[in-house]
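Numbering (the working numbering), first residue to last: 218 to 361.
The beta-carbon is built from N, C-alpha and C at its ideal position, and this holds for glycine as well.
Below: the structure, in structure tokens.
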């Protein structure tokens with residue numbers, strides 16, 4: 218016998234977002250590292266960290282880049298991202314292809330991600346003035 222009671226259902230739609238942020242550095246920064254102003258992705262504040270002499274002594278001959286969640290959260294936030302020098306990704310199709318190889322990460326204020334060997338320091342040409350790096354992101358990855 219079938220129940221003739223009332224039925225209900227619920228739907229949860231996760232918010233997703235994709236895009237890019239360009240971080241510009243004019244000249245050669247001094248010190249061990251610097252940090253971009255916060256920018257928003259998927260309703261969260263993020264910063265790019267830049268280490269002109271590597272993230273630590275083992276990577277002193279490289280420029281290192283990282284991404285940090287710049288807020289406190291109750292649960293880790295998922296993000297898929299990659300870094301490139303501005304102008305390397307020519308169009309949206311190329312950006313999507315590069316993102317397809319990026320690893321999905323889970324971030325808190327204390328748990329960021331650093332690309333220790335982004336580029337050899339000798340290849341940066343700091344003396345040429347302004348250089349830009351771009352971070353592309355995608356928060357649309359579904360967890361099943």
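- Spanning the alpha carbons of residue 324 and residue 301 requires a straight line of approximately 20 Å.
- Listed in chain order, the non-local C-beta contacts of residue 278 below 8 Å within the same chain comprise 271, 337, 338 and 339, local neighbours out to five positions each way being set aside.
- DSSP assignment within the region 261-304 yields no whole alpha helix (DSSP H) run of 4 residues or more.
- Approximately 6 Å separates the beta-carbon atoms of residue 295 and residue 321; this is inside 8 Å, confirming the contact.
- Using a Cβ distance threshold of 7 Å, residue 287 and residue 249 do not count as a contacting pair.
- Distance check between residue 318 and each of 297, 308 and 274 places 297 closest, using alpha-carbon atoms only.
- Annotated three-state conformation of residue 253 is coil, per DSSP.
- A straight-line Cα-Cα distance of about 12 Å links residue 257 and residue 265.
- With respect to residue 282, residue 329 sits apart: the two C-beta atoms are not nearer than 7 Å.
- Residue pairing by DSSP places residue 337 opposite 279 in a beta bridge.
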